[in-house]
Amino acid sequence: MATKGNTSVNKGIPAVKDAFVVIVNTEWNAAIVNKLTVGAKKILADAGIGCKVITVPGAVEIPFAIKTHYAYSETPADAYISIGAVIRGDTPHFDYVCKAVTEGVMQLNLSLDSPVIFAVLTVENEQQAKERTGGKHGHKGEEAAFTAIKMIALNRKLH
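Per my numbering, the very first residue in the sequence shown carries number 1; after that it's consecutive.
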């Protein structure tokens with residue numbers, strides 16, 4: 001999803017009925033994360049898909065919130081979208097956070113019956129993040145919602 005000019009993600013969006021998506025986003029880098037979340041919610045609303053937002057402190061906490069919602073809610077979501085923004089700083093903390101959240105989301109995709117969409121920006125600076133919230137690299141929140149819709153349809157077809 002990171003290539004410049006990637007517009008194929010919003011092509012061929014299937015209609016899904018009675019779908020529900022949970023977005024798990026972070027407090028950290030809220031200005032960026034909020035734009036991603038607004039974009040995802042807009043696409044889901046336009047498709048007639050209900051959604052709920054759960055906010056966690058940081059990116060490392062995203063997999064826990066998804067796993068817990070899936071395990072303890074009366075009805076797990078048809079898909080989960082993980083939204084965050086990790087911006088490189090002066091220490092190796094960036095690498096640890098990116099690795100942890102990526103591996104956490106991958107583990108969830110292999111263990112849950114609902115797809116988990118990765119929309120955590122892992123960027124060098126704030127400018128790169130802005131380019132991915134409606135700039136020259138598209139809107140990664142919107143792309144994540146399109147991906148969620150496609151994965152819900154695929155999951156239903158496979159089951």
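All residues carry an ideal CB built from backbone N, CA and C; glycine is no exception.
- Contact annotation: residue 21 and residue 36 have beta-carbon atoms that are not nearer than 8 angstroms.
- Here residue 83 is not near residue 60, since their CB atoms are 8 angstroms or more apart.
- Rounded to whole angstroms, the Cβ separation of residue 101 and residue 62 is 6 angstroms, and the two are in contact under 8 angstroms.
- Residue 65 and residue 23 have their alpha carbons spaced roughly 10 angstroms apart.
- In the three-state reduction of the DSSP assignment, residue 112 falls in the coil class, being assigned neither a helical nor a strand state.
- Taking 4 residues as the shortest admissible run, the stretch 24-54 contains the following complete alpha helix (DSSP H) segments, listed from N- to C-terminal end: 30-46.
- Here residue 12 is exposed, its C-beta having fewer than 16 other C-beta atoms within 10 Å.
- With fewer than 16 other beta carbons inside 10 angstroms of its own, residue 96 counts as exposed.
- By the C-beta density criterion, residue 138 is buried, having at least 16 other C-beta atoms within 10 angstroms.
- Rounded to the nearest angstrom, the gap between the Cα atoms of residue 159 and residue 114 is 11 angstroms.
- In the DSSP annotation of this structure, the continuous segment of the beta strand (DSSP E) that includes residue 85 starts and ends at 79-87.
- Shown here, residue 152 sits in a helix according to DSSP, grouped into three states.
- About 6 angstroms separates the CB atoms of residue 27 and residue 55; that is less than 8 angstroms, so the two are in contact.
- Spanning the alpha carbons of residue 39 and residue 141 requires a straight line of approximately 5 angstroms.
- Less than 8 angstroms divides the Cβ of residue 49 from the Cβ of residue 19.
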